[in-house]
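Down below is the structure, laid out as structure tokens.
Residue numbers (the numbering used here), protein chains in the order written: chain A, 1 to 419; chain B, 420 to 650.
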């Protein structure tokens, strides 16, 4: 009784195992019979030669190296004609879906071939995990991978992309230097801001780099600063949907972001007044948000402004008094420029500036309403000096006239004194 | 006055010590004006060029303050000299403004219009010189006080609200402008361009003027010198 059962079981197992073998799918070794030859190539319709060589060693080291060729090239037989396109989506569904919604994916779907598909960034037979330092998608290699296309003038013009200089500027930025020069993987590379598969231009609401998403996006790595920003007048305005409320990039720049200590940085002490006044010197801002006018020009006329303009950067700039990420309106009791906190704020640099000193306006807007004293003294001197100049001129003119007159009458009279 | 001077018809108008004080003042006021106006008119491109030339705002400040300290020392010395020295005391007396100076001023106007026959007869200093001297003195004192207030800003902040320092800056700057206007339009005209001295009254270098000029321009002083036997 037991023997026939065993036989039947064995036969069933044998049959089960034999079926796929019977479909004659080729193994890697069989494929390599042809594709292991480094000279194998075919001629494309446009006359170009396409190498069909597959580097077995690179494949074996790739993330897919333990699979068989037919896992991706399902219709491959030996020998075969043109195979169907490989669909990565079969296994990587989520990535495929995000990619389909991206700028790259949409163009690709329209049949445009010079935008990257999966292989454009990940490679083909040599795909490695992003954590592998040899991978094209390893953090420190990402920039080179993206710049392969995005540094190309022709592509930039064809797709109306930002100037290639903008892209190149990243390499000089604090993020670029940290990854390229210092080799830090914690520093932001292209995908950290732009996303990877779902990449979209910043003007689209779903883009990772859309204005509304920027603070959260930067906050992924700078959470402490995001927390401060969210409490600030700028952050609250942004969350309230006020589009002109500044987000990180409005002050820091995008690809050009540099350290505060870098003199070229838009947030370096010397450039801060220009950066803030980019919005605050616009007429509309002060009326829309009831902010006092002439904050920039009055600052630039103060000793602080002049000193900073000429590179004496220890003098106060906007952020020295108003704060940086935590800027609050002066009406807020927590603000560093609230009337009650001014002595403390001035005291950071001027220990003797007590409550008595802090009376009155810090920004001197010279007008009868805002600063009567300064206005009056200026007016007095202007009138006084002008009158004096006129009187001098009259006196000199009169002397010359008298001289001329006396000469005309009696021929002498060159001298003032008695003759 | 030496015999040679007498023969050459020269009389002394500025002693060596006065010339030194005057020259110091000339140089220092020029330095102060160049460094000061560069800051006051910092938005002007020429001012920016000057500030860069002076090595930036910081170094400009150092130059300005060194010159200011020397100028104030010169001022203090001058005050003591005028109040207590044998040469200074009579000079000060002659510089005091009196009723006569106002009359002289109007007489000179009338003379030039043609309604007075005589030009006023001045002593060593006419109303122009006196106005110049007291104007400059008042200006220098005011500019020194405001300057010290701004320099010792940590000290000033204890006592004054910010608005006082704001005013001090305005006064300091405009007082400088006033001094500049008086010196360049009035003083330089009177000692260089005025027809009686053109191209230059030499006394600020040599200390001497011709007795002829003295007789014409400062007849009372001329007569006094003659009475005292200096001529």
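Where a beta carbon is used, it is the ideal one built from N, C-alpha and C, also for glycine.
Legend entry - C-beta atoms of residue 364/A and residue 298/A nearer than 8 angstroms: yes
Inset, instruction - Would you mind telling me which residues of chain A sit closer than 7 angstroms to residue 600/B, beta carbon to beta carbon, in chain order? - result: 385, 388 and 389
Inset, instruction - Express the C-alpha separation of residue 429/B and residue 644/B in angstroms, rounding to a whole number. - result: 12 angstroms
Legend entry - 8 angstroms Cβ cut-off: residues of chain A touching residue 597/B: 381, 384, 385 and 388
Legend entry - DSSP state of residue 643/B mapped onto helix, strand, coil: helix
Inset, instruction - Give every residue of the same chain whose Cβ lies closer than 6 angstroms to the Cβ of residue 305/A, excluding the five residues on either side of it in the sequence, and list them in chain order. - result: Shown here for residue 305/A: same chain residues with a beta carbon closer than 6 angstroms to its own, the five before and five after excluded, namely 299 in chain order.
Inset, instruction - Within its chain, find whatever has a CB closer than 7 angstroms to the CB of residue 201/A; leave out the 5 residues flanking it on each side and keep chain order. - result: 103 and 207
Legend entry - Cα-Cα separation, residue 351/A to residue 576/B: A direct Cα-to-Cα measurement between residue 351/A and residue 576/B gives close to 9 angstroms.
Legend entry - Close Cβ partners of residue 260/A (< 7 angstroms) along its chain, the five nearest in sequence each way excluded: 267 and 268
Legend entry - Residues near residue 342/A by beta carbon distance below 6 angstroms, same chain, minus five either side: Within the same chain, residue 342/A has close Cβ partners 358.
Legend entry - residue 568/B: CB within 7 angstroms of a non-hydrogen atom of the ligand NAP: Absent from the structure shown: the ligand NAP. Ligands present: none.
Inset, instruction - Going by DSSP, name the residue or residues bridged to residue 506/B. - result: DSSP lists no partner for residue 506/B.
Inset, instruction - Taking all protein chains shown into account, decide if residue 397/A is buried (16 or more other Cβ within 10 angstroms of its Cβ) or exposed. - result: exposed
Legend entry - Residues that residue 359/A contacts on chain B, provided the C-beta gap is smaller than 8 angstroms: 580, 581 and 582
Legend entry - Residue ranges of each alpha helix (DSSP H) within the segment 325-397 of chain A, 4 or longer: 342-347
Legend entry - Sequence-distant residues of the same chain with beta carbon closer than 8 angstroms to residue 203/A, five excluded per side: 210
Legend entry - Interface residues of chain A facing residue 530/B [CB-CB closer than 7 angstroms]: 402
Legend entry - Under 7 angstroms from the C-beta of residue 405/A: neighbouring residues of chain B: Within 7 angstroms of the CB of residue 405/A, the CB atoms of chain B belong to 533, in sequence order along the chain.
Legend entry - Own chain, CB closer than 7 angstroms to residue 248/A, minus 5 neighbours either side, in chain order: The residues are 214, 215 and 218.
Legend entry - chain A contacts made by the segment 469-491 of chain B, where a contact means CB separation under 7 angstroms: 470, 475, 476 and 477
Legend entry - Sequence-distant residues of the same chain with beta carbon closer than 7 angstroms to residue 549/B, five excluded per side: For residue 549/B, the CB contacts under 7 angstroms within the same chain, skipping 5 residues up- and downstream, are 514, 516 and 520 in chain order.
Inset, instruction - Assuming residue 493/B and residue 440/B form a contact by the criterion Cβ under 8 angstroms, report the distance between their Cβ atoms to the nearest whole angstrom. - result: Rounded, the Cβ-Cβ distance is 6 angstroms, consistent with contact.
Inset, instruction - With 8 angstroms as the threshold, decide whether the Cβ of residue 374/A is near any Cβ in chain B. - result: yes
Inset, instruction - Reducing DSSP to helix, strand and coil, say where residue 400/A ends up. - result: helix
Inset, instruction - Pull up the distance between the alpha-carbon of residue 292/A and that of residue 113/A, whole angstroms please. - result: 55 angstroms
Legend entry - Beta-carbon proximity check, residue 638/B vs residue 540/B, cutoff 8 angstroms: Less than 8 angstroms separates the beta-carbon of residue 638/B from that of residue 540/B.
Legend entry - DSSP state of residue 20/A mapped onto helix, strand, coil: Low confidence applies to residue 20/A: its pLDDT is 46, below 50, so where it sits in the model is not reliable, and the reading given next is rough at best. Of the three classes helix, strand and coil, the one that applies to residue 20/A here is helix, per DSSP.
Inset, instruction - Report yes or no: is there a C-beta of chain B within less than 8 angstroms of the C-beta of residue 353/A? - result: yes
Inset, instruction - Would you kindly work out how many angstroms separate the C-alpha atoms of residue 243/A and residue 282/A, rounded to a whole number? - result: 15 angstroms
Legend entry - CB contact below 8 angstroms: residue 604/B versus chain A: Chain A contact via Cβ: present.
Legend entry - When 462/B, 457/B, 491/B and 465/B are compared against residue 477/B, the one with the closest alpha-carbon: 457/B
Inset, instruction - Using alpha carbons as the reference points, say which of 612/B, 522/B, 452/B and 580/B lies closest to residue 360/A. - result: Just measuring C-alpha positions, the residue of 612/B, 522/B, 452/B and 580/B sitting nearest residue 360/A is 580/B.
Inset, instruction - Keeping to the same chain, check which residues put their C-beta closer than 7 angstroms to that of residue 527/B; ignore five residues upstream and five downstream. - result: 538 and 539
Inset, instruction - Tell me whether residue 487/B sits in a helix, a strand or coil according to DSSP, three-state version. - result: helix
Legend entry - Residues within the segment 487-517 of chain B neighbouring chain A, beta-carbon criterion of under 7 angstroms: So nothing in the stretch comes that close.
Legend entry - Backbone CA spacing between residue 115/A and residue 45/A [nearest angstrom]: 20 angstroms
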